[in-house]
Amino acid sequence: MTGPRFRFAPSPTGFFHVGGARTALWNWALAHSQGGTFVLRVEDTDAERNRPEWTHGIIDALAWIGIHADDPHFEGPYFQSEYADQHVAAAEQLFAEGHAYYCDMTGADIEARNKAEGTQGYQGWSRDRGLGPGPGHALRFRVPSGVTLVHDLVRGDVEFDNALIEDFVLLRGNGSPMFLLANVVDDAAMRITHVVRAEEHLPNTPKQQMIWEALGHEPPVWAHVSVLVNEARKKLSKRRDKVALEMYRDEGYLSAAMVNYLMTLGWAPKGDVEIQPWDRMQTDFRLEDVNHSSAFFDLKKLAAFNGEYIRALTPRQFLDACRPWLFAPDAPFPADRFEESVFLAMAPVIQPRCVTLADAAAVVDFLFLADPVIDADAWAKATATSESVGVLRDTLDAYELLAHWSAEPLKAVLEAVAVAHDLKPGKAQAPIRVAITGRTVGPPLFESLEQLGRHETLRRLRAAMATLG
RNA sequence: GCCCCCAUCGUCUAGUGGCCUAGGACACCACCCUUUCAAGGUGGCGGCACGGGUUCGAAUCCCGUUGGGGGUGCCA
């Protein structure tokens with residue numbers, strides 16, 4: 001695949017951050033719309049932290065949001081720690097050409113010197129000492145004087161005064177490469193043309209750009225996108241916030257809804273409609289249109305998107321999407337009592353009642369339970385009126401004789417019973433509903449009775465009446 | 001401390017000098033529909049942070065203030 005090359009570089013922290021997912025999606029859209037490549041590089045210079053299981057998690061999570069490793073636009077994954085030799089070689093080149101120098105000062109040394117001189121940070125103290133490599137000698141970049149101009153596709157030109165950038169470390173005292181260096185070397189080696197990443201990296205960009213230039217390469221196109229924040233407008237963090245993409249998948253969010261929602265954080269499709277198919281967003285997405293300010297990750301809006309996507313599913317798709325929760329160990333009914341045909345028939349009335357796929361099982365649990373779990377308070381309340389017992393008995397009698405067991409006649413019968421007891425047609429269903437479903441709220445009653453069947457409906461009504469004594 | 005970024009309804013956004021009496025979505029409220037709960041329909045509430053410029057005209061351009069965020073590691 002020729003064309004521009006976009007790199008996506010998560011760190012293997014054991015989960016996939018929703019903010020990272022958005023950046024991945026944007027890189028993915030760009031790679032496709034520009035006929036380029038999405039390069040996945042799992043970044044950590046420490047091989048110890050490149051845990052295979054974490055990496056698999058990243059690849060699974062990417063696949064969930066539609067970024068598949070077998071897509072022709074996908075390249076990788078690469079593992080940064082495997083390229084340590086190249087990182088060190090680049091550092092040595094920088095030293096040989098005078099762009100870097102060795103320094104033997106420890107953190108304590110620097111602190112002491114600053115205290116003595118009333119300065120702050122590292123003041124390039126070893127610049128002209130002519131030190132060579134050796135144990136405890138860190139390699140520092142010799143930051144040139146002048147200014148570094150970073151051209152950023154979303155922010156425009158940002159100017160940094162080099163005098164304010166200290167000579168940063170390239171190689172640690174033990175010889176291992178630092179992230180900043182490794183990052184640039186990898187990007188250059190992989191011929192990355194566009195670096196689209198979170199805004200938090202912007203202040204370090206001049207340093208990286210200087211490394212690119214010192215290494216003799218043309219820097220890539222930079223694009224720093226804003227971060228996602230929580231209610232306190234702080235960057236989403238693992239400790240405080242629910243940031244793992246996998247968590248949303250496990251809780252029953254549809255990937256299409258998540259993808260659509262993530263795309264609208266910091267960017268909006270043309271027109272006034274936010275819910276858009278991926279193909280459309282993929283071709284319309286432009287970095288130049290991305291917002292400059294941080295965005296709040298709003299669970300309520302995500303839920304609304306998810307509800308919309310759930311309602312748009314066909315019954316079959318809905319059933320298939322719900323399976324993991326329907327057959328989970330903690331499902332509200334035994335798996336062997338589940339009936340696909342019943343669920344499929346009920347799907348159109350279940351879907352509008354679900355925020356997540358996980359909600360479905362609880363909406364229809366009574367259909368697949370040997371006996372409904374009767375809520376005592378609900379039952380007491382539903383049978384508190386003087387008419388309720390009569391309604392129950394008359395309905396039972398009428399249902400025993402009903403010719404066609406389907407929603408319409410079931411409804412007509414109950415309405416007639418209600419009127420006979422001086423109630424408004426729609427007001428008699430509470431005791432029936434509780435007797436059948438165990439609760440006062442739930443899916444439409446008559447469709448439920450139709451699916452439950454005459455035998456079971458009558459059995460439940462009799463059982464419930466028996467408790468009244 | 002120093003550096004950088006940011007600033008439109010509560011939230012996500014549209015807006016690139018006149019189409020703006022600032023549009024849409026989520027949330028919230030009311031009403032309608034109705035068989036409970038939803039969903040759906042209709043309507044409502046609600047915003048250009050502040051102060052100076054520039055201009056015939058500013059949400060839009062410039063400067064400042066304030067507020068928020070991020071960076072500043074021999075972390076990534």
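Per the numbering used here, the first sequence starts with residue 1, numbered consecutively.
We put the beta carbon where it would ideally sit given N, CA and C, even for glycine.
Along the beta strand (DSSP E) that carries residue i, what are the first and last residues, could you check?
i    : result
T23  : It is not in any beta strand (DSSP E) - T23 instead sits in the alpha helix (DSSP H) that spans 18–33.
W212 : Run containing W212: none in the beta strand (DSSP E); it sits in the alpha helix (DSSP H), 205–214.
T37  : 37–42
V225 : 221–225
R5   : 5–8
Select from the options the residue whose C-alpha is nearest the C-alpha of residue i.
i    : options                : result
R454 : K235, I436, P444       : I436
W64  : L357, T205, L254, A403 : L254
Q209 : N174, R127, N260, V143 : V143
G124 : I165, P12, P206        : I165
I58  : A84, P12, E75          : P12
F296 : R51, K235, I350        : K235
L163 : R155, A380, V39, V147  : The amino acid at residue 163 is misidentified as Leu; the sequence shows Ala. Here the closest residue by C-alpha is V147.
A244 : E111, R233, L228       : L228
W26  : L410, A232, L62, V42   : L62
V195 : F366, H151, W222, K270 : W222
G439 : L367, P52, P206, G175  : One detail in the question is off: residue 439 reads as Arg in this sequence, not Gly. Selected option, being the one with the closest Cα: L367.
P177 : H87, Y261, D272, T467  : H87
L287 : D371, A466, D152       : D152
A232 : V225, D241, H224, S226 : D241
P352 : C322, P52, P135, P443  : P443
L396 : L423, A376, Q429       : Q429
N291 : G156, H99, L414, E447  : G156
G3   : G35, A29, G14          : G35
G175 : G76, P52, A89          : A89
Is it buried or exposed for residue i, if we count other Cβ within 10 angstroms and need 16 for buried?
i    : result
F95  : buried
R191 : exposed
M247 : exposed
S237 : exposed
N306 : buried
G252 : buried
D330 : exposed
R462 : exposed
K115 : exposed
V373 : exposed
F141 : buried
L149 : exposed
T119 : exposed
R129 : exposed
V417 : buried
V259 : buried
K300 : exposed
F327 : exposed
K207 : buried
R460 : buried
V154 : buried
T283 : exposed
My output table needs one value for residue i: the three-state DSSP class, helix, strand or coil.
i    : result
W267 : coil
F305 : helix
D186 : helix
L254 : coil
F296 : strand
A232 : coil
H201 : helix
P348 : helix
P77  : strand
A358 : helix
V195 : strand
A244 : strand
R249 : helix
P334 : coil
F15  : coil
A328 : coil
P72  : coil
G426 : helix
R323 : helix
V364 : helix
Check for me: the alpha helix (DSSP H) holding residue i runs from which residue to which?
i    : result
A63  : 52–64
T457 : 454–466
V434 : 429–437
L313 : Neither: L313 is in no alpha helix (DSSP H) and is coded neither H nor E.
E92  : 84–96
D279 : 278–284
| field | Within the region 368–415, ranges of the alpha helix (DSSP H) (whole runs, at least 4 residues) | value | Under the rule that a run must span 4 or more residues, the alpha helix (DSSP H) segments found entirely inside the region 368–415 read 376–382, 388–401.
| request: May I have a chain-ordered list of the beta strand (DSSP E) segments no shorter than 3 residues that lie completely inside the region 98–180? | output: Whole beta strand (DSSP E) segments, 3+ residues: 100–103, 138–141, 147–152, 156–161, 169–171.
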